[in-house]
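Engineer:
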Amino acid sequence: MTKSTEAHKILTAGREAITAEAEALSYLSNSLDENFVTAVRLLSEKNNHIIVSGIGKSGHIARKIAATFSSVGQPAFFVHPAEASHGDLGMITPQDRLLLLSHSGETAELKSLLDYSRRFHIPLVAITAKENSNLASVADVTLCYPMVSEACPMGLAPTTSTTIMLALGDALAIATLRIRNFSPTDFRTFHPGGNLGKQLSRVGDFMHTGDRLPILAKGTLMNECLIKISYFGFGCIAIINNQGLLEGIITDGDLRRHMHEGLLTEKVEDVMNPNPIVISADILMAEALAIMQEKSITSLFIGADQKPIGLLHIHDCLRAGII
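Position 36 of the sequence shown, counted from 1, bears residue number 654 in our numbering, the numbering being contiguous throughout.
1) Between Lys846 and Pro832, what straight-line distance do the alpha-carbon atoms span, to the nearest angstrom?
2) Closest to Thr916 by CA distance: which of Ser622, Leu930, Ile868 is it?
3) Are Glu887 and Lys836 close, meaning C-beta to C-beta below 8 Å?
4) When the Cα atoms are used, what is the spatial distance from Asn893 to Ile920?
5) Please look up how many angstroms separate the CB atoms of His721 and Pro776, rounded, as I've assumed it's under 8 Å.
6) By how many angstroms is the C-alpha of His933 removed from the C-alpha of Gln911?
7) Per DSSP, which one or two residues make a beta bridge with His826?
8) Starting from Ala856, trace the beta strand (DSSP E) both ways and give me its first and last residue.
9) Please report the Cβ distance between Leu753 and Leu790, rounded to the nearest whole angstrom; I am assuming they are in contact, meaning their Cβ atoms lie under 8 Å.
10) Determine the contact status of Val658 and Thr869, defining contact as a CB-CB distance below 8 Å.
11) With C-beta atoms as the reference, is Ala899 less than 8 Å away from Gly828?
12) Rounded to whole angstroms, what's the CA-CA distance from His698 to Ser676? Just pull it up for me.
13) What are the start and end residues of each continuous alpha helix (DSSP H) run of 4 or more residues lying completely inside the segment 669–710, in chain order?
14) Should Asp923 go down as buried or exposed, given a rule of 16 or more other Cβ atoms within 10 Å for buried?
15) Going by alpha carbons, who is nearest to Ala642 out of Ala904, Ala625, Ile858, Thr780?
16) Taking Cβ to Cβ, would you say Met840 is nearer than 8 Å to Val889?
17) If you reduce the DSSP assignment to three classes, tell me which class Val658 lands in.
18) Are the beta-carbon atoms belonging to His678 and Asp714 less than 8 Å from one another?
19) With 16 other CB atoms within 10 Å as the buried threshold, where does Leu882 fall?
20) Based on the DSSP output, what are the partners of Lys748 in its beta bridges?
21) Taking the alpha-carbon of Ala702 as reference, which of Ser755, Phe687, Ser689, Ile669 has the nearest alpha-carbon?
22) Reducing DSSP to helix, strand and coil, say where Glu724 ends up.
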């Protein structure tokens, strides 16, 4: 077999596997019904944990589903079914919810969890391919996914079926997020580190305030303004009235545009831009950076009640790890 023939064979196998799973996911999407709605309502009730379990490949998927639920604010954890019958059942309370995964619905290792859920009336949601299985008959709600061919050419290795399980778990978590009005601020609470934490940083966490905020009073002469702009080093300064309200800003660009012999004796209000872009301290750093890029500027003033309360420079975006 030549290298080109081998490469074609490899690419064909890969594309066929992805196509098979994509088609199965499309089928799954169209098959969701009232059972899905009931499952989401049951799992999203407040003051409960979701205990997710499964064995083998289903167990690997169950771990990821538990992690996804936790990341969107719904406490969840994985319990290994074999360990459950050796003491870990004590981790589960009647206030919790069980989410059990089994392709066949006949997984023997899940028996202790099934018995425990019935004994203590713990609500149970099942994800399985077999509607008439033991798991489905015991569960309060069953999400029975379509029987589809595995991407494995022998139909043996769990591939399409595990992809469907994972997609169903993600769908449950995202639907739970939606009905609980989970916000980007909430998301950051659970993701303070890494790139997600950086992308969800707020302007208020990085803006310059207090004596680092470049401000001048209306009526000030431009010679003093020039000194102040140079001192702060941001290339801009806010102009306020005697009530502390923002009247405008002066940037390096404004200085160049008004450059003439008598500039230094003019008042700041004669040079300032009276319609500056002002943002809120609550917006994301990524949003602030997008505004800077769109307007081709390097600084933004942050305002509250028409008063300047902070300044964000593009270097602060670097400091936050956004760029």
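Beta carbons are placed, not taken as given, at the ideal position from N, Cα and C, and that holds for glycine.
Structural biologist: Put simply:
1) Taking the first residue of the sequence shown as 1, we reach residue 846 at position 228. Taking the first residue of the sequence shown as 1, we reach residue 832 at position 214. Near 7 Å, if we compare the C-alpha coordinates of Pro832 and Lys846.
2) Against the sequence shown, residue 916 aligns to sequence position 298. Of Ser622, Leu930, Ile868, the residue nearest in Cα terms is Leu930.
3) In the sequence shown, the residue the question calls residue 887 occupies position 269. In the sequence shown, the residue the question calls residue 836 occupies position 218. In this structure, Glu887 sits near Lys836, with a CB-CB distance shorter than 8 Å.
4) Taking the first residue of the sequence shown as position 1, residue 893 is located at position 275. Taking the first residue of the sequence shown as position 1, residue 920 is located at position 302. Roughly 14 Å separates the two Cα atoms.
5) Against the sequence shown, residue 721 aligns to sequence position 103. Against the sequence shown, residue 776 aligns to sequence position 158. About 7 Å; that satisfies the 8 Å criterion.
6) Taking the first residue of the sequence shown as position 1, residue 911 is located at position 293. Taking the first residue of the sequence shown as position 1, residue 933 is located at position 315. Just so you know, the alpha carbons of Gln911 and His933 end up roughly 13 Å apart.
7) The residue you call residue 826 lines up with position 208 of the sequence shown. Looking at the DSSP output, His826 bridges to Leu929.
8) Here residue 856 refers to the residue found at position 238 of the sequence shown. Residues 854–858.
9) Along the sequence shown, one-based indexing puts residue 753 at 135. Along the sequence shown, one-based indexing puts residue 790 at 172. Leu753 to Leu790, Cβ: 17 Å. No contact.
10) For this step, residue 658 is matched to residue 40 along the sequence shown. For this step, residue 869 is matched to residue 251 along the sequence shown. For Val658 and Thr869, no; Cβs fall outside 8 Å.
11) Residue numbering aside, residue 899 sits at position 281 when the sequence shown is read from its first letter. Residue numbering aside, residue 828 sits at position 210 when the sequence shown is read from its first letter. Taking 8 Å as the Cβ cut-off, Ala899 and Gly828 do not qualify as a contacting pair.
12) Within the sequence shown, residue 698 is the residue found at index 80, counting from 1. Within the sequence shown, residue 676 is the residue found at index 58, counting from 1. When rounded, the distance between both Cα atoms is 11 Å.
13) Along the length of the segment 669–710, whole alpha helix (DSSP H) runs at least 4 residues long occupy 675–689, 699–702, reported in chain order.
14) Looking up residue 923 in the sequence shown gives position 305. By the neighbour-count definition (other C-beta atoms within 10 Å, threshold 16), Asp923 is an exposed residue.
15) For the purposes of this step, residue 642 is taken as residue 24 along the sequence shown, with counting starting at 1. The shortest C-alpha separation from Ala642 is found at Thr780.
16) Numbered from its first residue, the sequence shown carries residue 840 at position 222. Numbered from its first residue, the sequence shown carries residue 889 at position 271. Cβ atoms of Met840 and Val889: closer than 8 Å.
17) What you label residue 658 is simply residue 40 of the sequence shown in a count that begins at 1. Note: Val658 maps to helix in three-state DSSP.
18) Counting from one through the sequence shown, the residue named residue 678 turns up at place 60. Counting from one through the sequence shown, the residue named residue 714 turns up at place 96. Not a contact, by the Cβ cut-off of 8 Å.
19) As a working mapping, residue 882 is identified with position 264 in the sequence shown. That one is exposed.
20) Sequence index remark: in the sequence shown, residue 748 carries index 130 (1-based). Note: Lys748 sits in no beta bridge, so no partner.
21) Sequence index remark: in the sequence shown, residue 702 carries index 84 (1-based). Comparing Cα-Cα distances from Ala702 to each of Ser755, Phe687, Ser689, Ile669, the minimum goes to Ile669.
22) As a first step, residue 724 must be located in the sequence shown, where it is residue number 106. Assigned with DSSP and collapsed to three states, Glu724 falls in coil, not helix or strand.
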